[in-house]
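A short write-up of the structure that comes next.
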Amino acid sequence: MYIEPPSSIAIIGAGPIGLEAALYARFLGYNVRIFERGQVADNVLNWGHVRMFSPFRMNASALGLRALAAQDEAYQPPGPEEFLTGSQWLEHYLLPLARSDLVTDGLSERTRVLSITRQDFRKGEAIGDARRAASPFRMLLEDDVGQREEFAEVVIDTSGTFGNHNWMGAGGSPAVRELRCRHRIEYGLPDILGNEKDKYVGRRTLVVGSGYSAATNVVALAELLGEAASGDVLWVTRTREGSDDDAPIARIENDRLPARDELAVHANALAAEGKVQHWSGAVISSIAYDDSAQQFSVQIVREDDVTEHTFDSVIANVGYRPDASLFEELQVQQCYATGGPMKLAAALFVLETSADCLDQQSHGPETLLNPEPNFYILGSKSYGRNSNFLVSIGLQQIRDVFTIIGDRADLDLYKTMSATT
Numbered sequence: 022m023y024i025e026p027p028s029s030i031a032i033i034g035a036g037p038i039g040l041e042a043a044l045y046a047r048f049l050g051y052n053v054r055i056f057e058r059g060q061v062a063d064n065v066l067n068w069g070h071v072r073m074f075s076p077f078r079m080n081a082s083a084l085g086l087r088a089l090a091a092q093d094e095a096y097q098p099p100g101p102e103e104f105l106t107g108s109q110w111l112e113h114y115l116l117p118l119a120r121s122d123l124v125t126d127g128l129s130e131r132t133r134v135l136s137i138t139r140q141d142f143r144k145g146e147a148i149g150d151a152r153r154a155a156s157p158f159r160m161l162l163e164d165d166v167g168q169r170e171e172f173a174e175v176v177i178d179t180s181g182t183f184g185n186h187n188w189m190g191a192g193g194s195p196a197v198r199e200l201r202c203r204h205r206i207e208y209g210l211p212d213i214l215g216n217e218k219d220k221y222v223g224r225r226t227l228v229v230g231s232g233y234s235a236a237t238n239v240v241a242l243a244e245l246l247g248e249a250a251s252g253d254v255l256w257v258t259r260t261r262e263g264s265d266d267d268a269p270i271a272r273i274e275n276d277r278l279p280a281r282d283e284l285a286v287h288a289n290a291l292a293a294e295g296k297v298q299h300w301s302g303a304v305i306s307s308i309a310y311d312d313s314a315q316q317f318s319v320q321i322v323r324e325d326d327v328t329e330h331t332f333d334s335v336i337a338n339v340g341y342r343p344d345a346s347l348f349e350e351l352q353v354q355q356c357y358a359t360g361g362p363m364k365l366a367a368a369l370f371v372l373e374t375s376a377d378c379l380d381q382q383s384h385g386p387e388t389l390l391n392p393e394p395n396f397y398i399l400g401s402k403s404y405g406r407n408s409n410f411l412v413s414i415g416l417q418q419i420r421d422v423f424t425i426i427g428d429r430a431d432l433d434l435y436k437t438m439s440a441t442t
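Next comes the structure, spelled out in structure tokens:
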């Protein structure tokens, strides 16, 4: 549906995809507001010490680079084949983009979006009715001053999944008492070799998970063990479906991201050589934290055997899920398996058979449409619990969604900017 500039577009989240979407919209002449509950690229900052697997060229757009060059003639981007840490990406690309003239005026940090609704209709009203599309979106916001409402013709949710973790218990539910002590558990990528070193050095740590985040943490903890005279690590993974061995990390054959494969090889070797203790086919059944002893008490079920252990720290790399509470009053159909928007989830399920995220591609503008007109979910949140999302896919999504908003199938600012560079 064509939305004529300078109509208002609200973007939820000032992460990489939110910033890029805002820039694209501004180039096309739309009024743009970006609402970020923390600060710019907060989630990137949380893993800023980690080096990315993909080169800079996959994590920046031609439009972004052109905007930064126009803003500052002295701007020098990282090399296209350079592998940046999260902090370097933030410092040398994302923050300059957020501070550029086309983005900064519409950016509201520390502003939480509490809900998104239609001004004139509830969830079950005006189904398939053109009047619904004509009604503006109403957003309830909260910042340090208080609550207020704002309105927009288009809403793009790029709020991601990073802060919305899964749980450690059987079947994906919380383990017994996990909810009580969740604020004590680390669900992300702590700076184990840097400013959080004291929390882990010489300590007993439990790591739960079989993905690259868990591998990153295990490798860092093993390095710390080599420096300290004491401490140990127990790495717990569920049995991988189709696995024919006990290796914690499934490697991708002929991996085109060498750093990713090196991490898998290193982590698997640590487990195989006993430098960290690895239990496969194990599930956390209960967890409690003793404030006086400053320790966790954890029950682990393995081959029907229940054992209890104590740990100083627990890192649960159990994945993330989308938060649908923002749009629960809108007409959005979600996948029963991933929680992502249904059309895109169906395309990913049918068309994407590779475990390698580099084989992912955009599946066209129609997969980004929701029953709720002019409401779009882009970025990692659009993939739901599917962890194969790449920033380069998000850039393709931005291009695709603006062919809908601009009602031009050939609209591609990235191609235009690349051709004129």
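Start counting the sequence shown at 22; every next residue gets the next number (our numbering).
Ideal Cβ positions, reconstructed from N, Cα and C, are used throughout, including at glycine.
| task | With a floor of 3 residues, list each beta strand (DSSP E) that falls wholly inside the region 163-206, ordered by position along the chain. | result | Fully enclosed beta strand (DSSP E) runs of 3 or longer: 168-173, 175-178.
| For residue 135 versus residue 116, is the C-beta spacing smaller than 8 Å? | no
| Cα-Cα separation between residue 367 and residue 150, rounded to whole angstroms | 25 Å
| request: Please specify which runs of the beta strand (DSSP E), each continuous and at least 3 residues long, are wholly inside the region 372-441, giving them in chain order. | output: 396-398
| request: Could you pull out every unbroken beta strand (DSSP E) segment of at least 3 residues lying fully inside the region 216-287, listed in chain order? | output: 225-229, 253-257
| field | alpha helix (DSSP H) segment containing residue 315, residue limits | value | Segment: none, residue 315 is in no alpha helix (DSSP H) and carries neither H nor E.
| message | Does residue 396 pass the burial test, meaning 16 or more other C-beta atoms within 10 Å, or should it be called exposed? | response | buried
| query | Which whole-angstrom value describes the C-beta separation of residue 102 and residue 78, a residue pair presumed to lie in contact below a C-beta threshold of 8 Å? | reply | The C-beta distance from residue 102 to residue 78 rounds to 7 Å, short enough to fall under 8 Å.
| Nearest-angstrom Cα separation, counted from residue 249 out to residue 190 | 31 Å
| query | With burial defined as no fewer than 16 other Cβ atoms inside 10 Å of the residue's Cβ, what is the status of residue 204: buried or exposed? | reply | exposed
| query | In whole angstroms, what separates the C-alpha of residue 90 from that of residue 187? | reply | 40 Å
| said: Please report the distance separating the alpha-carbon of residue 27 from that of residue 177. | reply: 16 Å
| said: Here's the rule: buried if 16 or more other CB atoms are within 10 angstroms of the residue's CB, otherwise exposed. What is residue 332? | reply: buried
| query | Cα separation between residue 412 and residue 326? | reply | So the alpha carbons of these two residues sit roughly 42 Å apart.
| In or out: residue 41 buried (at least 16 other Cβ within 10 Å) or exposed? | buried
| request: May I ask you to report which of helix, strand or coil DSSP gives residue 43? | output: helix
| task | Give the DSSP-derived three-state secondary structure of residue 110 in the structure shown. | result | helix
| residue 420 versus residue 104: straight-line alpha-carbon distance, rounded | 25 Å
| Per DSSP, the bridge partner or partners of residue 97 | Per DSSP, residue 97 has no beta bridge partner at all.
| message | I need the boundaries of the beta strand (DSSP E) containing residue 139, first residue and last residue. | response | 133-139
| said: What does the Cβ neighbour count give for residue 427, buried or exposed, with the cut at 16 atoms within 10 Å? | reply: buried
| said: Using a 10 Å radius around the Cβ and a threshold of 16 neighbouring Cβ atoms, would you call residue 295 buried or exposed? | reply: exposed
| field | DSSP three-state assignment for residue 129, whether helix, strand or coil | value | strand
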